[in-house]
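If you read the sequence shown in this note's numbering, its first letter stands for residue 345, the second for the next number, and so on.
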Amino acid sequence: MISIFKLLVPASVLALFLSETLLIFACYGTAAYLDPELGTAFLWDQGGWQRIALVVTAIVLAMYFRQLYADLQLRSRILLLQQLVLIMGIAFLVEALVAYWDLAWALPRAALIAGSAFTIAALFVWRVLFSLAIRNKVGLRRVLFMGLSPASVELAHYLVRHPEIGFAPIGYLDSGGAAALELTDVVRLGSSAKLQSVVEEYRPDRIVIGKRSDADFSRADDFAELHFGGVTTEDVAGFYEKTLGRVCAAQVRPEALLFSESLQPDRLNLRLQTMYGFLITVLVAPVVLLLTGAMALFVKLTGGGPVLRREQRVGMNGALFTMYSFRVKQDALRDLGMHGLPRFWNVLRGQMSLVGPQADRPEFAAYLNRTIPFHAQRTAVRPGMTGWDQINQLKDNSSGNAVRRLEYDMYYIKNLSFLLDLFVLVRWFRETYLFRSSADR
Numbered sequence: 345m346i347s348i349f350k351l352l353v354p355a356s357v358l359a360l361f362l363s364e365t366l367l368i369f370a371c372y373g374t375a376a377y378l379d380p381e382l383g384t385a386f387l388w389d390q391g392g393w394q395r396i397a398l399v400v401t402a403i404v405l406a407m408y409f410r411q412l413y414a415d416l417q418l419r420s421r422i423l424l425l426q427q428l429v430l431i432m433g434i435a436f437l438v439e440a441l442v443a444y445w446d447l448a449w450a451l452p453r454a455a456l457i458a459g460s461a462f463t464i465a466a467l468f469v470w471r472v473l474f475s476l477a478i479r480n481k482v483g484l485r486r487v488l489f490m491g492l493s494p495a496s497v498e499l500a501h502y503l504v505r506h507p508e509i510g511f512a513p514i515g516y517l518d519s520g521g522a523a524a525l526e527l528t529d530v531v532r533l534g535s536s537a538k539l540q541s542v543v544e545e546y547r548p549d550r551i552v553i554g555k556r557s558d559a560d561f562s563r564a565d566d567f568a569e570l571h572f573g574g575v576t577t578e579d580v581a582g583f584y585e586k587t588l589g590r591v592c593a594a595q596v597r598p599e600a601l602l603f604s605e606s607l608q609p610d611r612l613n614l615r616l617q618t619m620y621g622f623l624i625t626v627l628v629a630p631v632v633l634l635l636t637g638a639m640a641l642f643v644k645l646t647g648g649g650p651v652l653r654r655e656q657r658v659g660m661n662g663a664l665f666t667m668y669s670f671r672v673k674q675d676a677l678r679d680l681g682m683h684g685l686p687r688f689w690n691v692l693r694g695q696m697s698l699v700g701p702q703a704d705r706p707e708f709a710a711y712l713n714r715t716i717p718f719h720a721q722r723t724a725v726r727p728g729m730t731g732w733d734q735i736n737q738l739k740d741n742s743s744g745n746a747v748r749r750l751e752y753d754m755y756y757i758k759n760l761s762f763l764l765d766l767f768v769l770v771r772w773f774r775e776t777y778l779f780r781s782s783a784d785r
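Structural data, given as C-alpha cells:
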C-alpha cells in the first residue's frame with residue numbers, strides 16, 4: 345500500500361494506472377507518428393501531444409468510473425473487451441464535444457481511429473498479462489505473521505482473497521495455542537522460537553506481530569538485524585489499518601484516546617472542512633434548489649401530507665440537531681439520494697458536513713455507546729451526507745455492522761483531509777449514479 349496525501353492506494357493499482365496511462369499515450373502517439381500527414385511535426389511542433397493528453401485523460405477517467413481499477417483480477421475476457429470498446433465510445437463522444445467547442449484541440453480523425461484500435465488491443469493484452477501476474481503472485485511482498493489474533497486471521501483471509509493488494513501471507517508462527525482460530529488459508533510454520541530459521545527459509549518481506557506474547561522482544565538484536573536486512577516488522581494494528589482502510593477496534597487501547605491525539609481529527613483540517621463544505625454547498629445551491637423544488641412538488645402530489653421529515657439526530661460532540669429529508673416511499677429516489685436534498689440546509693447551518701460519519705438517532709447512539717467501546721468517538725467530527733464508512737461498506741457487503749462502521753469512521757476521523765473528502769464524494773457519485781446504489785441512512 346502506498347500513501348498519497350493520506351489516501352492508501354495498493355501498489356499494484358498505482359502501477360497499473362501509471363503503466364496504462366503511458367501505454368495509451370504511446371498508442372495514440374504511434375498512430376500519429378505513422379500517419380504520413382502528421383508525423384513528428386504534429387506531435388511536437390504543432391502541440392499534438394497536448395491533444396493526445398486530453399484523449400488519454402478522458403480514457404483514464406472513463407476507466408476509473410467504469411470501475412476497471414476496483415478489481416484487478418480478470419473475471420471475463422469478453423466482458424473486459426466490451427468494457428474497453430465502451431470506454432473508446434466515451435472517448436469519441438468527448439472528442440466530438442471538444443471538436444464542437446474548439447476544433448484546434450481535437451485529435452485528427454485518422455490518429456483518433458487508429459490510436460483507439462491500438463489502445464483497445466494493447467490494454468486487452470496488458471490486462472490479461474497483469475491479471476496472470478497477480479494470480480501467480482508475481483511481485484507480491486511476502487508476509488509472515490507472528491502470533492495469531494482475530495485481527496491477524498481477518499488480515500490473512502483478506503490478503504489471500506485479494507492478491508491485488510500486493511501482499512501474500514506465507515504462514516504464521518505461534519506458541520501453539522492458536523489452532524482454535526481456524527486459519528485455514530495460511531499454514532503454521534512452527535513456534536515463535538524458530539523465527540530465524542523460518543526467515544532464512546521463506547525470506548519474508550514483512551513480519552506482522554499479531555500477538556505480542558508470541559514475539560520475544562528480549563531478542564531485540566535479531567529484530568534489528570532483520571530490519572537492516574530489509575525485513576519490515578510491524579504491529580498488526582498498523583498493518584490492518586493500512587491494508588483495510590479502517591482502524592481495528594479490537595486493537596485500540598484506552599490510552600490512545602486519553603493521552604494522545606492519534607485518533608483525533610486534525611483541528612486545522614476540521615476548520616477547513618467547514619469552510620470548503622460551506623463553499624461547495626453555496627456553489628451547487630442553484631441546482632440543489634431546483635431539484636428540491638421539483639422533489640417537494642412530486643412528494644406533495646404523490647403522497648399528500650407533510651413534505652419534510654424531521655428527525656432528531658446526534659451531531660458533533662453529542663449535540664442534538666434536527667435533520668431534514670423528504671418523505672418519499674419510492675426506493676429509486678432513496679437510492680439516488682434525492683430524499684436527502686434538504687440536508688444541504690443542515691450543512692449550511694454547520695450541523696452536518698458533506699462527508700462524515702452517519703448521524704444516529706439519540707436512542708440508537710446511546711445503546712451503541714454502552715455496548716461498543718469507543719463508539720462515542722464517532723462524534724468527534726460533524727456527521728455527513730455521505731461518508732467513508734458507507735462507500736466502503738458497500739464494497740465489502742458489511743452494511744449494518746456497527747463495529748465495522750466504527751472502524752471506518754475512526755479511520756476517517758484520524759485521516760480527515762480535503763483530498764479524502766473529495767475522494768469520498770467522487771466514489772459516492774460513481775457508485776450512486778453510475779453503478780450501484782449507495783447505502784443510505
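Backbone N, C-alpha and C fix where the C-beta goes; we use that ideal spot for every residue, glycine too.
For F474, the residue or residues it bridges with in DSSP = As a working note, residue 474 is residue 130 in the sequence shown. Note: F474 sits in no beta bridge, so no partner.
task = Specify the secondary structure class of V768 as computed by DSSP and reduced to three states.
result = Reading the sequence shown from its first residue, position 424 is the one you call residue 768. Note: V768 maps to helix in three-state DSSP.
ask   = Buried or exposed: W449, going by 16 or more other Cβ atoms within 10 Å of its Cβ?
value = Residue numbering aside, residue 449 sits at position 105 when the sequence shown is read from its first letter. Exposed, by the Cβ-count rule.
ask   = Would you call R505 buried or exposed, if buried means 16 or more other Cβ atoms sit within 10 Å of its Cβ?
value = On the sequence shown, residue 505 is found 161 positions in, with the first residue counted as 1. Exposed.
query = When the distance is taken between beta carbons, is P686 closer than 8 Å to L652?
reply = By one-based count along the sequence shown, residue 652 stands at place 308. By one-based count along the sequence shown, residue 686 stands at place 342. Yes, these two residues count as a Cβ contact at 8 Å.
ask   = Where do the ends of the beta strand (DSSP E) carrying A512 lie?
value = The sequence position of residue 512 within the sequence shown is 168, counting from 1. Looking at the DSSP string, the run of the beta strand (DSSP E) that includes A512 is 511-517.
task = In the DSSP assignment, find the unbroken alpha helix (DSSP H) run with V429 in it and report its ends.
result = As a first step, residue 429 must be located in the sequence shown, where it is residue number 85. Here the alpha helix (DSSP H) through V429 covers 421-445.
ask   = Rounded to a whole number of angstroms, what is the C-alpha to C-alpha distance between L441 and M619?
value = Taking the first residue of the sequence shown as 1, we reach residue 441 at position 97. Taking the first residue of the sequence shown as 1, we reach residue 619 at position 275. Taking the straight line joining both Cα atoms gives about 34 Å.
Length of the line joining the Cα atoms of A385 and Q417 = Taking the sequence shown and counting its residues from 1, one reaches residue 385 at position 41. Taking the sequence shown and counting its residues from 1, one reaches residue 417 at position 73. If I take the Cα positions, the gap works out to 40 Å.
key: For L382, the three-state DSSP class (helix, strand or coil)   = Your numbering for residue 382 matches position 38 in the sequence shown. Reduced to three states, the DSSP call for L382 is coil.
message = Does any residue of chain B have a CB that is nearer than 8 Å to the CB of S697?
response = Among the protein chains of the structure shown there is no chain B, as only one such chain exists.
request  = Go ahead and pull the three-state DSSP assignment for E787.
outcome  = A query on residue 787 cannot be resolved here, the shown segment of the chain reaching from 345 to 785 and no further.
query = When DSSP labels each residue in this structure, what does R774 get in the three-state scheme?
reply = Taking the sequence shown and counting its residues from 1, one reaches residue 774 at position 430. It is helical.
message = Across the region 459-477 and the region 386-393, are there enough close Cβ pairs to call them in contact, namely three or more that are closer than 8 Å?
response = no
query = So who's on the other strand from V631, going by DSSP bridges?
reply = Counted from its first residue, the sequence shown places residue 631 at position 287. None; V631 has no bridge partner.
request  = Just the C-alpha distance for L607 and R722, rounded to the nearest angstrom, thanks.
outcome  = Here residue 607 refers to the residue found at position 263 of the sequence shown. Here residue 722 refers to the residue found at position 378 of the sequence shown. Spanning the two alpha carbons is a distance of roughly 10 Å.
inquiry  = Quick check on DSSP: helix, strand or coil for A524?
reply    = As a position in the sequence shown, residue 524 is number 180, starting the count at 1. At A524 the pLDDT is 44, less than 50, meaning the model places this residue with poor confidence and gives no usable figure here.
message = Among K538, L517, I553, V631, whose alpha-carbon lies nearest the alpha-carbon of V531?
response = Here residue 531 refers to the residue found at position 187 when the sequence shown is read from its first residue. Checked all of K538, L517, I553, V631; the closest Cα to V531 is L517.
task = Report all residues from its chain with a CB closer than 8 Å to the CB of G647; omit the five preceding and five following residues, and keep chain order.
result = Along the sequence shown, one-based indexing puts residue 647 at 303. The residues are R671, V672, K673.
ask   = Is the distance from the Cβ of I464 to the Cβ of A435 below 8 Å?
value = Within the sequence shown, the letter at position 120 stands for residue 464. Within the sequence shown, the letter at position 91 stands for residue 435. Result no, Cβ atoms of I464 and A435 do not sit closer than 8 Å.
key: DSSP three-state assignment for D549, whether helix, strand or coil   = Mapped onto the sequence shown, residue 549 falls at position 205. If DSSP states are grouped into helix, strand and coil, D549 belongs with coil.
query = According to the Cβ coordinates, are G573 and P354 closer than 8 Å?
reply = Looking up residue 573 in the sequence shown gives position 229. Looking up residue 354 in the sequence shown gives position 10. Going by C-beta atoms, G573 is not nearer than 8 Å to P354.
task = State the Cα-Cα distance for the pair T576 and A397, rounded to the nearest angstrom.
result = Locating residue 576 in the sequence shown gives position 232, counting from the first residue. Locating residue 397 in the sequence shown gives position 53, counting from the first residue. So the two alpha carbons sit approximately 39 Å from each other.
task = Please report the residue range of the alpha helix (DSSP H) in which S496 lies.
result = For the purposes of this step, residue 496 is identified with residue 152 of the sequence shown, where counting begins at 1. Its alpha helix (DSSP H) spans residues 494-505.
ask   = Under the three-state reduction of DSSP, which class applies to V329: helix, strand or coil?
value = Look at the range of the chain in this structure, 345 to 785, and you will see that residue 329 is not part of it.
key: Closest by C-alpha distance to L484, when choosing among L378, P507, M490, P609   = On the sequence shown, residue 484 is found 140 positions in, with the first residue counted as 1. The option with the nearest alpha carbon to L484 is P507.
ask   = Can you list, in chain order, the residues of its chain whose CB lies under 8 Å from that of G637, leaving out five sequence neighbours each side?
value = As a first step, residue 637 must be located in the sequence shown, where it is residue number 293. Excluding residues within five positions, none has a Cβ falling inside 8 Å.
inquiry  = Let's test the definition: count the other Cβ atoms within 10 Å of the Cβ of F708 and tell me whether it reaches 16, buried, or not, exposed.
reply    = Counted from its first residue, the sequence shown places residue 708 at position 364. When all chains shown are included, F708 counts as exposed.
message = Can you look up F718 in the DSSP assignment and give me helix, strand or coil?
response = Counting from one through the sequence shown, the residue named residue 718 turns up at place 374. In the structure shown, F718 sits in coil (DSSP, three-state: anything other than H, G, I, E or B).
ask   = Considering L588, what are the terminal residues of the beta strand (DSSP E) in which it resides?
value = Sequence index remark: in the sequence shown, residue 588 carries index 244 (1-based). Not the beta strand (DSSP E): L588 falls in the alpha helix (DSSP H), residues 580-588.
request  = Please check the pair P765 and Y752, which I expect to be a contact at CB under 8 Å, by giving their CB distance rounded to whole angstroms.
outcome  = Translated into positions along the sequence shown, residue 765 becomes position 421. Translated into positions along the sequence shown, residue 752 becomes position 408. Per the sequence presented here, residue 765 reads as Asp, with Pro not at that position. Rounded, the Cβ-Cβ distance is 14 Å, inconsistent with contact.
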